[in-house]
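In case it helps, our numbering puts the sequence shown at residues -4 to 283.
C-beta atoms are modelled at their ideal positions from N, C-alpha and C, and glycine is treated no differently.
Owing to the predicted nature of the structure, the values given are computational and were not obtained by experimental measurement.
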Amino acid sequence: LVLRKRWEEVYELRECRKRVLIPLIRARLKAKQEQLSKAKEDGNDGNGDWMVPYVDTLLDLELPEEKRKLEEDQIVNLCWEFLGAGTDTTSTALQWIMANLVKYPEIQERLYDEIKSVVGQGAEQVKEEDLERMAYLKAVVLEGLRRHPPAHFVLPHAVKEDAELGGYTIPKDAIINFMVAEMGWNAEIWEDPMAFKPERFLNSAGGVEARGFDITGSREIKMMPFGVGRRICPASGFAMLHLEYFVANLVWLFKWRTVAGEEVDLSEKQEITTVMKNPLRAQISSRN
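Structure representation (structure tokens):
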């Protein structure tokens, strides 16, 4: 077979997913059954005020046309898709952002100064409630997503009938691809687009939102790292929160420098996401 080794790697990855997730799925099914049984014994319907786990929705799901529930392999695939989409893209974006902070120490130090001004000298960590007061932090994250979107294109879409889009006629059944990276690198919209300049997202008062920048695309589309519209990434809010939280604490607790004799290489490599061709290597020291 062509690319036999790659197929073997894919197969082993699939088997690994099953080994990890199937015991957890079965354990959740058992716990769910015991929970419902106890609720029945106690004389209630078992619909208490608790959060419904994602796995429970898959265990309860029925395919009406086939009149059956999902098989274990199908649940594994859906769980992995859910986990992979929420972790791989975020970790990729985080590495790109930290790589630029290592490459451009003046940006890192400006961010550190902002964090210190918010949390105060001696704070053990940056807390979630602190993030809203860090405009430059948000600008750094936005610039990272603009310059290095983890996915260079979103899932393609097709139209069921002729449609008009931005002055173009889209014929029925035509497939449309939105090139996310090219949008963020468009020189007609972004000045010096290939440079890493977080300040482009700041207004004269030092705030981010006052400029009216809209990452969701509800008002305008200048970049769309999470997609836009009804099919926008459902976890975009969590992704932004996680990126801001991780970046803030990594910079607050550690000073990041280039390794002696090396330079940060921002070359790209296309895998499931667009990753660094040469993963980030940095010299890290405690700031305390």
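If I measure Cβ to Cβ from residue i and keep anything under 8 angstroms in the same chain, skipping five residues before and after, which residues do I get?
i, result
"F233", "G81"
"L275", "Q90, M93, A94, V97 and V259"
"R63", "E57"
"T211", "F221, V223, I227 and S231"
"V71", "R12, K13, L16, I17 and I20"
"S86", "none"
"C213", "The sequence shown places Ser at residue 213, rather than the Cys named in the question. Excluding sequence neighbours, S213 sits near V223."
"W185", "R141, G179, R195 and K217"
"L160", "I171"
"A182", "P188"
"E123", "L236 and Y240"
For residue i, is the classification buried or exposed, using 16 other Cβ atoms within 10 angstroms of its Cβ as the cut-off for buried?
i, result
"D125", "buried"
"P254", "Before going on, a small fix: residue 254 reads as Val here, not Pro. V254 is exposed by the Cβ-count criterion."
"K25", "exposed"
"K133", "buried"
"M129", "buried"
"I267", "exposed"
"Y131", "buried"
"C11", "exposed"
"G179", "buried"
"G256", "exposed"
"L106", "buried"
"I170", "exposed"
"W247", "buried"
"V15", "exposed"
"V47", "exposed"
"L238", "buried"
"E109", "buried"
"P59", "exposed"
"E61", "exposed"
Leaving out five residues before and five after residue i in sequence, what residues of the same chain have Cβ atoms less than 7 angstroms from its Cβ?
i, result
"N244", "Q120 and V121"
"M235", "V136"
"D209", "E215"
"W251", "M93, L96, V97, Q103, A277 and I279"
"E156", "K167"
Only counting the same chain, and skipping five residues up and downstream in sequence, which positions put a Cβ closer than 6 angstroms to that of residue i?
i, result
"F241", "L89"
"A205", "Because A205 carries a pLDDT of 42, less than 50, the predicted location of this residue cannot be relied on, and the following value inherits that uncertainty. The residues are N198."
"M218", "R141, M178 and G179"
"A158", "I165"
On a CA-only basis, which of the options is nearest residue i? Give me that one, please.
i, options, result
"R23", "R14, A34, K13 and Y49", "Y49"
"Q265", "A176, P193 and P188", "A176"
"M271", "K192, K0 and T84", "T84"
"V135", "S280, E104 and T52", "E104"
"D68", "E29, R9 and E239", "R9"
"W75", "S231, I20 and E186", "I20"
"F249", "E186, S86 and A277", "A277"
"N283", "G117, R(-1) and A182", "G117"
Is the beta carbon of residue i sitting closer than 8 angstroms to the one on residue j?
i, j, result
"M174", "H147", "yes"
"Y99", "F221", "no"
"P193", "I102", "yes"
"L73", "L53", "yes"
"K27", "D51", "yes"
"P145", "T269", "yes"
"N273", "S262", "yes"
> Any chance the stretch 75 to 95 sits against the stretch 128 to 144, with 3 or more Cβ pairs inside 8 angstroms?
Replying inline: yes
> When the Cβ atoms of the stretch 101 to 113 are set against those of the stretch 157 to 173, are three or more pairs found closer than 8 angstroms?
Replying inline: no
>> Taking contact to mean 3 or more Cβ pairs, one atom from each stretch, closer than 8 angstroms, check whether the stretch 143 to 159 and the stretch 217 to 233 are in contact.
In response: yes
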